[in-house]
Each structure stands twice: as structure tokens, then as C-alpha cells.
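Peer 1:
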Amino acid sequence: YPRRRDTHGFKAQYNIQGQLGKGHFATVYLAIEKNTGKRFAVKKFEKRSGPGERSKVEGLQQEIAVLKGVSHPNMLCLKDTFDESDGVYLVLELAPEGELFNWIVKKQKLTEVETRKVFVQLFQGVKYLHERNIVHRDIKPENILLLDEKLSVKLADFGLAKIIGEASFTTTLCGTPSYVAPEILEQTNRRRYTRAVDVWSLGVVLYICLCGFPPFSDELYSTENPYTLSQQIRMGRFDYPSPYWDSVGDPALDLIDKMLTVDVEKRITIDECLEHPWTTQQAISVTDSTDGLTGALAGLDFSKRKPMRERTLLSSINDVKVERVIETQDEGPPVKVWDKNRNQPTPKEKKAGHVERTVVEPNPDNG
Ligand code: ATP
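Written as C-alpha cells, this is what we have:
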């Protein structure tokens, strides 16, 4: 007898057209639904056996469970799943313009108004997740996808998302190093962390959108700034260097300060982000310029992804004692604002010429 044609399997229903992207766990393809001609993104997880494969499958099950329960205009929708012999396929809504940051680099332009447009949507999407006790845990530029040139965005990649109980906390170390919240790095204390980690990561992305480079980076390492990425994050040590931040308004700086607050209890919540004056601001700011942004963004290579789930990330880092020194200058830039969570000045004071320095010494209590 001739073999019966499988009309239910993935390949019977979809044609794969090309690759859209690749992550650490899956490859994403463009697929056309044969019956309708509609385009979708298909995320394929290869089935293999070997070390780490079990946790990968568990992660995938978690991603499917979260995606199935999620329905919001700013969250990527799951249409279907297929468990085939060569892999598991997730059929997802297509984001035709791909990653937000690739688009920014291509267009060489992202104003404060455009940034606000994107962030109102992201705040609303994350608010939706948080209200359902879901923490995304991996918000970063590669996971913010663009639907159209009007800047409609969707949050993707729920591989690390976790449904948390109202009273329970999650302590697994996960996320991408540059975007992880300090409390995630404090694993030695087994500190509990919650929804606030998403606000921190959004704060990092907001900072990047407004100036074109990240607030925390190993590349910022210098004699003036002898701190590793993890130390910078744990101390909340970043600044708003001139000229990149000169044209950005104070409300944006204030919001970033509040999102990148090391103390979880004091960090702004997603509801407060939505109500913040920068978010609710209607008028186009007179300082809404892209000066200095183009070059900075074009110089960033977002394809260079650092390994994720770096469980050894902080094992080499010792605790540090932080002492803060503030000097006041008579006039203007350069403005250095470090160690932001200790008696931080207002954005206005910063611009008026306060210079802060942070002195870090090994903590004698720590051996
Ligand atoms: P990670 O390494 O971040 O865990 P992953 O293996 O879980 O990644 P995704 O981040 O979901 O995979 O997808 C990888 C890339 O594929 C994205 O960064 C994006 O470029 C592209 N991509 C994913 N989903 C879509 C979509 N729905 N539409 C268009 N492109 C997509």
C-alpha cells in the first residue's frame, strides 16, 4: 500500500522559506501556511540527546505553557505547536520587521518620541505579564520585535519566563549578563527576586535606546572605571556622558534612575513606569534630537551575543565596600554620576555640574 500522507504534521501544513534568526536554543524560520498563504515565524527546537538537553526540554515546555496563556497586543502570540521526530516546532505570529535594534541601526534614527512610543507598549505588555504573575526574566533588544514601521512592538522569547506564585520567589540565575538585575547576581545571598528584574532590564534597554550604548559594559573598563560588568551592575554604577545625553530631557533621566535602582524595594514598579511623567508626556520635546545617536548605534554590534545562563558569572567576584565622594563643579559637563543609589542628586543637579566619584575598596569583612 502507498504510505498515507500525513496531513496533520508541520510539513504538511507549512512551507519553510528561510531563516529569520537564531538563538541559543532554537532556530527561527519564516513559514507559509499552505492553506491560507499566511506568513508565520516558526521556532524549531532540535531534538538531541546529551548534556543539558533535559533542561532545554523543560524550558521549552515552560515557554509553551506561558505562551499558551498569553494574549496581549504587545506579546508574541503562539498559533500552534508540533512535536515531530526531528524537532519541536512553535508556530508564532510573525514580526515582519524583525528585531527592533536591527531596524534602528538600519534607519539610523531613534528619537525620544519614538523611544516613548516603543516603551509605552513594552510597559503595557510587561504590566499584563506581571498582573498574571509571569516574570519574563530575559528582556533584551533581541527579544523586542517590530511589526511595522509605525513602531508597533511585541515582546518575544518566553524561554526563561516563569509563572510565580504571589508569595513565592524565584532565585535561578538566568538572563543575559548586560541586562540582568543586581539581585540576580547576588546569588551568594540567595536573595529572592521578583517582577522587579523585568523593570531593571527594561531600564537598560531604555538607556540604550536614548543614547546608543549600554549603561553597563565590560568595554567601559578603564583606569577611571576599573569595574567588571557585574560589579558595575551590583553597584548600579553608570552615568550619562556628554554629548550623547545632552539633548535628552530630565524626565527620561529620572525614569532611568528609578528603573536602574539597585534596591529592589525602592525600584519603580511597572505601573509606576506607565504613570511616570516621561511616559505620559504628550508634547514633542524641543530637545528631541538624534544628535550623536546614529554613530553610537551603528557602532554597536547586537549580533555579538554573550553566552546566556552564565551560572558561573559571579563566582569570581568578591564583595566590595563602596564609599561615595561628591564634588561640586562651578560649571557644566562632564557629568559623572556613579553609585546612583546612594543619596543620588536629581537630574537637574547632575546637569548643573555635580561630579560624583565612587571609591571602591575590598571589603575587609569579606576576608
Ligand atoms: P535566546 O538565545 O535569546 O534564548 P531563542 O533560542 O529562545 O533565543 P528567540 O530569541 O525566540 O530564540 O529567537 C531568535 C531570533 O529569531 C530573535 O532574536 C529574532 O531575530 C528572530 N525571531 C524570533 N521570533 C520571531 C518572530 N516571531 N518574527 C520574526 N523574527 C523572530
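So in my numbering, the last one in the sequence shown is 376, and the numbering has no gaps at all. Note that CB positions come from ideal geometry on N, CA and C, so glycine has one too.
Give me the Cα-Cα distance between Gly-304 and Arg-125, rounded to the nearest whole angstrom.
Peer 2: Counted from its first residue, the sequence shown places residue 304 at position 295. Counted from its first residue, the sequence shown places residue 125 at position 116. At Gly-304 the pLDDT is 37, less than 50, meaning the model places this residue with poor confidence; the figure from the coordinates comes in the next sentence. Their backbone Cα atoms lie some 21 Å apart in a straight line.
Peer 1: What separation, rounded to the nearest whole angstrom, lies between the Cα atoms of Lys-47 and Trp-254?
Peer 2: Sequence index remark: in the sequence shown, residue 47 carries index 38 (1-based). Sequence index remark: in the sequence shown, residue 254 carries index 245 (1-based). Between Lys-47 and Trp-254, the C-alpha separation is close to 43 Å.
Peer 1: Check for me: the alpha helix (DSSP H) holding Tyr-38 runs from which residue to which?
Peer 2: Translated into positions along the sequence shown, residue 38 becomes position 29. Per DSSP, Tyr-38 belongs to no alpha helix (DSSP H); it is in the beta strand (DSSP E), 36 to 42.
Peer 1: Quick one: does the C-beta of Glu-55 sit closer than 7 Å to a heavy atom of the ligand ATP?
Peer 2: Within the sequence shown, numbered from 1, the residue matching residue 55 stands at position 46. Glu-55: no, Cβ never under 7 Å from the ligand ATP.
Peer 1: I need the straight-line Cα distance from Asp-266 to Lys-31, nearest angstrom please.
Peer 2: Within the sequence shown, residue 266 is the residue found at index 257, counting from 1. Within the sequence shown, residue 31 is the residue found at index 22, counting from 1. The alpha-carbon atoms of Asp-266 and Lys-31 are separated by roughly 33 Å.
Peer 1: Pairs of beta-carbons, one from the segment 147 to 164 and one from the segment 87 to 98, closer than 8 Å: are there three or more?
Peer 2: At 8 Å Cβ cutoff, the stretches do not touch.
Peer 1: Return the first residue and the last residue of the alpha helix (DSSP H) that Lys-149 is part of.
Peer 2: Translated into the one-based positions of the sequence shown, residue 149 becomes position 140. Element bounds for Lys-149: n/a, residue is neither H nor E.
Peer 1: By DSSP, does Asp-89 sit in helix, in strand, or in coil?
Peer 2: Working through the sequence shown from its first residue, we reach residue 89 at position 80. Three-state DSSP puts Asp-89 in a strand.
Peer 1: Can you tell me which of Phe-225, Cys-218, Phe-91, Glu-274 puts its alpha carbon nearest to the alpha carbon of Gly-18?
Peer 2: In the sequence shown, the residue the question calls residue 18 occupies position 9. Considering only alpha carbons, the answer is Phe-91.
Peer 1: Gly-221 to Ser-94, Cα distance in whole Å?
Peer 2: Counting from one through the sequence shown, the residue named residue 221 turns up at place 212. Counting from one through the sequence shown, the residue named residue 94 turns up at place 85. Cα-Cα distance, rounded: 43 Å.
Peer 1: When the Cα atoms are used, what is the spatial distance from Gly-280 to Ala-170?
Peer 2: Numbered from 1 along the sequence shown, position 271 holds the residue referred to as residue 280. Numbered from 1 along the sequence shown, position 161 holds the residue referred to as residue 170. Strictly speaking, residue 280 in this sequence is Asp, with Gly absent from that position. Answer to the nearest angstrom: the Cα atoms are 19 Å apart.
Peer 1: Is Asn-83 a contact residue of the ligand ATP, with contact defined as CB to any heavy atom under 7 Å?
Peer 2: The count along the sequence shown starts at 1 and reaches residue 83 at position 74. Incorrect: Asn-83 has no Cβ contact closer than 7 Å to the ligand ATP.
Peer 1: Can you check whether the CB of Val-189 is closer than 8 Å to the CB of Ile-3?
Peer 2: Residue 3 lies beyond the stretch modelled for the chain, which goes from 10 to 376, so this question has no answer here.
Peer 1: Are the CB atoms of His-145 and Leu-156 nearer to each other than 8 Å?
Peer 2: Translated into the one-based positions of the sequence shown, residue 145 becomes position 136. Translated into the one-based positions of the sequence shown, residue 156 becomes position 147. Contact: no.
Peer 1: What are the start and end residues of the alpha helix (DSSP H) that includes Glu-121?
Peer 2: Reading the sequence shown from its first residue, position 112 is the one you call residue 121. Run containing Glu-121: 121 to 140, per the alpha helix (DSSP H) assignment.
Peer 1: Just how far apart, CA to CA, sit His-285 and Leu-87?
Peer 2: For the purposes of this step, residue 285 is taken as residue 276 along the sequence shown, with counting starting at 1. For the purposes of this step, residue 87 is taken as residue 78 along the sequence shown, with counting starting at 1. Taking the straight line from one Cα to the other gives about 31 Å.
Peer 1: If we ignore side chains and look at the alpha-carbon of each, how far apart do Thr-337 and Ile-217 end up?
Peer 2: For the purposes of this step, residue 337 is identified with residue 328 of the sequence shown, where counting begins at 1. For the purposes of this step, residue 217 is identified with residue 208 of the sequence shown, where counting begins at 1. Because the pLDDT at Thr-337 is just 29, under 50, the model does not fix this residue reliably, and the point stays unresolved.
Peer 1: Assign Tyr-216 to one of three DSSP states: helix, strand, or coil.
Peer 2: The residue labelled residue 216 in the question sits at position 207 within the sequence shown. Helix, per DSSP.
Peer 1: Quick check on Gln-26: buried or exposed, where buried means 16 or more other Cβ atoms within 10 Å of its Cβ?
Peer 2: By one-based count along the sequence shown, residue 26 stands at place 17. Gln-26 is exposed by the Cβ-count criterion.
Peer 1: Would you kindly work out how many angstroms separate the C-alpha atoms of Thr-203 and Pro-191, rounded to a whole number?
Peer 2: Residue 203 sits at position 194 when you count from the first residue of the sequence shown. Residue 191 sits at position 182 when you count from the first residue of the sequence shown. Going by the C-alpha atoms only, they are around 12 Å apart.
Peer 1: Secondary structure at His-17, three-state DSSP: helix, strand or coil?
Peer 2: Position 8 of the sequence shown, counted from the first residue, corresponds to residue 17. His-17: coil per DSSP, three-state reduction.
Peer 1: Looking at C-alpha atoms only, which residue of Ala-261, Lys-43, Gly-68, Ser-256 is the closest neighbour of Val-213?
Peer 2: Within the sequence shown, the letter at position 204 stands for residue 213. Selected option, being the one with the closest Cα: Ala-261.
Peer 1: Quick check: is any heavy atom of the ligand ATP less than 7 Å from the C-beta of Leu-160?
Peer 2: Taking the sequence shown and counting its residues from 1, the one referred to as residue 160 is at position 151. Because no heavy atom of the ligand ATP lies under 7 Å away, the Cβ of Leu-160 does not count as near it: no.
Peer 1: Near Glu-106, which residues of its chain fall below 6 Å by C-beta distance, leaving aside the five closest residues on each side in sequence?
Peer 2: What you label residue 106 is simply residue 97 of the sequence shown in a count that begins at 1. Cβ within range, chain order: Trp-112, Leu-155.
Peer 1: If we ignore side chains and look at the alpha-carbon of each, how far apart do Leu-109 and Lys-149 end up?
Peer 2: Walking along the sequence shown from the start, residue 109 turns up at place 100. Walking along the sequence shown from the start, residue 149 turns up at place 140. For Leu-109 and Lys-149, the distance between alpha carbons rounds to 10 Å.
Peer 1: Roughly how many angstroms lie between the CA atoms of Val-208 and Phe-225, to the nearest whole one?
Peer 2: As a first step, residue 208 is located in the sequence shown; it is residue number 199 there, counting from the start. As a first step, residue 225 is located in the sequence shown; it is residue number 216 there, counting from the start. Roughly 16 Å between the two C-alpha positions.
Peer 1: Using the Cα positions of Glu-274 and Gly-258, report the straight-line distance between them to the nearest angstrom.
Peer 2: Walking along the sequence shown from the start, residue 274 turns up at place 265. Walking along the sequence shown from the start, residue 258 turns up at place 249. Taking the straight line joining both Cα atoms gives about 26 Å.
Peer 1: Closer than 7 Å: is that where the CB of Leu-381 sits relative to any heavy atom of the ligand ATP?
Peer 2: Outside the displayed span of the chain (10 to 376) sits residue 381, for which this structure offers no information.
Peer 1: Between the C-alpha atoms of Asp-89 and Ser-80, what's the straight-line distance to the nearest angstrom?
Peer 2: Here residue 89 corresponds to residue number 80 of the sequence shown, with the count starting at 1. Here residue 80 corresponds to residue number 71 of the sequence shown, with the count starting at 1. The straight-line gap from Cα to Cα measures roughly 14 Å.
Peer 1: Which of the three DSSP states is assigned to Leu-169 in this structure?
Peer 2: Translated into positions along the sequence shown, residue 169 becomes position 160. Three-state result, Leu-169: coil.
Peer 1: Report yes if the C-beta of Lys-115 is less than 7 Å from at least one heavy atom of the ligand ATP; otherwise report no.
Peer 2: Within the sequence shown, numbered from 1, the residue matching residue 115 stands at position 106. For the ligand ATP, not one heavy atom lies less than 7 Å from the Cβ of Lys-115.
Peer 1: For Asp-157, is the beta carbon positioned less than 7 Å from some heavy atom of the ligand ATP?
Peer 2: Walking along the sequence shown from the start, residue 157 turns up at place 148. No.
Peer 1: Report buried or exposed for Asp-227, applying the criterion of at least 16 other Cβ atoms within 10 angstroms of its Cβ.
Peer 2: Locating residue 227 in the sequence shown gives position 218, where the first residue counts as 1. So Asp-227 ends up on the exposed side.
Peer 1: With H, G and I counted as helix, E and B as strand and the rest as coil, what does DSSP make of Ala-261?
Peer 2: As a working note, residue 261 is residue 252 in the sequence shown. Helix, per DSSP.
Peer 1: Roughly how many angstroms separate the alpha carbons of Arg-246 and Thr-278, rounded to a whole number?
Peer 2: Counting from one through the sequence shown, the residue named residue 246 turns up at place 237. Counting from one through the sequence shown, the residue named residue 278 turns up at place 269. Going by the C-alpha atoms only, they are around 20 Å apart.
Peer 1: Do you know how far the Cα of Phe-132 is from the Cα of Arg-141?
Peer 2: Taking the sequence shown and counting its residues from 1, one reaches residue 141 at position 132. Taking the sequence shown and counting its residues from 1, one reaches residue 132 at position 123. Near 14 Å, if we compare the C-alpha coordinates of Phe-132 and Arg-141.
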